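Structure first, then comments.
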Amino acid sequence: MRAKIEMVKALLDPGRRVVVLTGAGVSAESGVPTFRGRDGLWKTHRAEDLARPDAFAARPGLVWEFYHWRRGLVAGCEPGPAHHALAALERQIPNFLLITQNVDGLHARAGSRKLVEMHGSLWQVRCTACTHVREDHGDLPPLPECPACGHLLRPGVVWFGEPLTPGVLRLAVEELHRADVFLAIGTSGLVQPAASFHQLARERGAVTVEINVEATPVTGLMDFALHGRAGDILPELVA
Ligand code: BJW
Ligand code: ZN
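So in my numbering, spot 171 of the sequence shown is number 166, and the numbers just go up one at a time.
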């Protein structure tokens, strides 16, 4: 493990282009529940059954209750060592991009700026009917309404079956194709398109690295797999 950490550390050189993908595992140590772990349940519902447009259409009150709960939970969490290490890495590597699937905003709070939140943000709301979008950190009513048109607002996140925000996937693909090093950290590798990013990086020659507490479907396809907590391993790589 020590030798592998040293090899990966040597890859994180200021002359290289580095793209990082993060998932729920990097925020788990801050107390944010992951999606598919034991804690991926809210009341009796699986998070995956609520984070979808058909669930919101059928039961907007229930889905909003889930998001109100998560906003409150995340508001009480702090960025952890993994978030801080990635913010520090950005300062060391001129050609750096962090693509996160997380909607909690903890990377930005830790100081990451070259950041793409590919699944949106808990702190954004948008209208289900018009183009109104805004950042909102306040207390929302149970079923918030659009100030512009009066229709129901929805969380500004990307649900299953929905496309990413225009431009986000194109930017990610361009950067992955140019990357020298790609790291996938704390993600189960089950949700597309993020689950294919390692292939995009690899087909143009990047070295690929996974950091996760357990093996995932992509582990065998990576050049390096570091098994352990992101908050333990990342500070060692960046120190
Ligand atoms: C640690 C740790 C520690 C724990 N240290 N590690 C077949 C092929 C291709 C695509 C599809 C397909 N079938 C269906 C699809 C589409 C679908 C998809 O991928 N489904 C799969 C489940 C099969 N994808 C989509 O729908 C996407 N859109 C799309 O494809 O659009 C196409 C389109 C084009 C044009 C028009 C219309 C459509 C959108 C996906 C959106 C995902 N949204 C969510 C919810 C966001 C909002 C919210 O948060 O409420 O995003 S789902 C959920 O999963 C969330 C996450 O970002 C995402 C990924 O989860 P993540 O981060 O990997 O978390 P976990 O919990 O799964 O894993 C945690 C990991 O951490 C584990 O591995 C642990 O071991 C590890 N860990 N502690 C290190 N301390
Ligand atoms: Zn509206």
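We put the CB at the ideal spot given by N, CA and C, even for glycine. Since the structure is predicted, the reported quantities are computational estimates derived from the model, not experimental observations.
With respect to the beta strand (DSSP E) encompassing LEU148, which residues constitute its N-terminal and C-terminal limits? Here residue 148 refers to the residue found at position 153 when the sequence shown is read from its first residue. Here the beta strand (DSSP E) through LEU148 covers 148 to 152.
Can you tell me whether MET(-4) is buried or exposed, with buried defined as 16 or more other CB within 10 angstroms of its CB? Here residue -4 refers to the residue found at position 1 of the sequence shown. Result: exposed.
Since I believe ILE94 is in contact with VAL13 (beta carbons under 8 Å), could you give me their beta-carbon distance rounded to a whole number of angstroms? If you number the sequence shown from 1, residue 13 lands on position 18. If you number the sequence shown from 1, residue 94 lands on position 99. Rounded, the Cβ-Cβ distance is 11 Å, inconsistent with contact.
Could you tell me the alpha carbon to alpha carbon distance between PRO74 and LYS109, rounded to whole angstroms? Taking the first residue of the sequence shown as position 1, residue 74 is located at position 79. Taking the first residue of the sequence shown as position 1, residue 109 is located at position 114. The straight-line gap from Cα to Cα measures roughly 17 Å.
Quick check on the DSSP output: what are the complete beta strand (DSSP E) runs of length 3 or more inside the stretch 73 to 99, in order along the chain? 91 to 95
With distances taken between CB atoms, is the gap from HIS146 to THR123 smaller than 7 Å? Position 151 of the sequence shown, counted from the start, is the residue given in the question as residue 146. Position 128 of the sequence shown, counted from the start, is the residue given in the question as residue 123. In contact: HIS146 and THR123 (Cβ atoms closer than 7 Å).
Which word fits PHE155, buried or exposed, when buried means at least 16 other C-beta atoms lie within 10 angstroms of its C-beta? Taking the sequence shown and counting its residues from 1, the one referred to as residue 155 is at position 160. When all chains shown are included, PHE155 counts as exposed.
Considering only heavy atoms of ligand 2, list every residue whose Cβ is less than 6 Å from one of them, following chain order. CYS122, ALA124, CYS125, HIS127, CYS141, ALA143, CYS144, HIS146
First and last residue of the beta strand (DSSP E) that includes GLN187? Your numbering for residue 187 matches position 192 in the sequence shown. Careful: GLN187 lies outside any beta strand (DSSP E) and carries neither H nor E.
What are the boundary residues of the alpha helix (DSSP H) that includes ALA167? In the sequence shown, residue 167 corresponds to position 172, counting from 1. Its alpha helix (DSSP H) spans residues 163 to 173.
List the endpoints of the continuous beta strand (DSSP E) containing VAL204. Mapped onto the sequence shown, residue 204 falls at position 209. That run of the beta strand (DSSP E) goes 202 to 207.
Relative to the C-alpha of HIS79, which residue among VAL21, PHE51, ALA(-2) is closest? The residue you call residue 79 lines up with position 84 of the sequence shown. Checking every option, the nearest Cα to that of HIS79 belongs to VAL21.
Using a Cβ-based criterion (distance less than 6 Å to any ligand heavy atom), does ARG33 qualify as near ligand 1? By 1-based counting over the sequence shown, the position of residue 33 is 38. Outside the cutoff, so no.
Are the stretch 168 to 187 and the stretch 62 to 71 touching, with three or more C-beta to C-beta distances below 8 Å? no
Backbone CA spacing between PRO48 and SER183 [nearest angstrom]: The residue you call residue 48 lines up with position 53 of the sequence shown. The residue you call residue 183 lines up with position 188 of the sequence shown. Roughly 22 Å between the two C-alpha positions.
Proximity of VAL152 and VAL98 at Cβ, strictly below 7 Å: Locating residue 152 in the sequence shown gives position 157, counting from the first residue. Locating residue 98 in the sequence shown gives position 103, counting from the first residue. It is a contact, given that the beta carbons lie within the stated cut-off.
Pull up the distance between the alpha-carbon of MET138 and that of ALA42, whole angstroms please. For this step, residue 138 is matched to residue 143 along the sequence shown. For this step, residue 42 is matched to residue 47 along the sequence shown. Before going further, note that residue 138 is Leu rather than Met in the sequence given. If you take the alpha carbons of LEU138 and ALA42, they lie about 19 Å apart.
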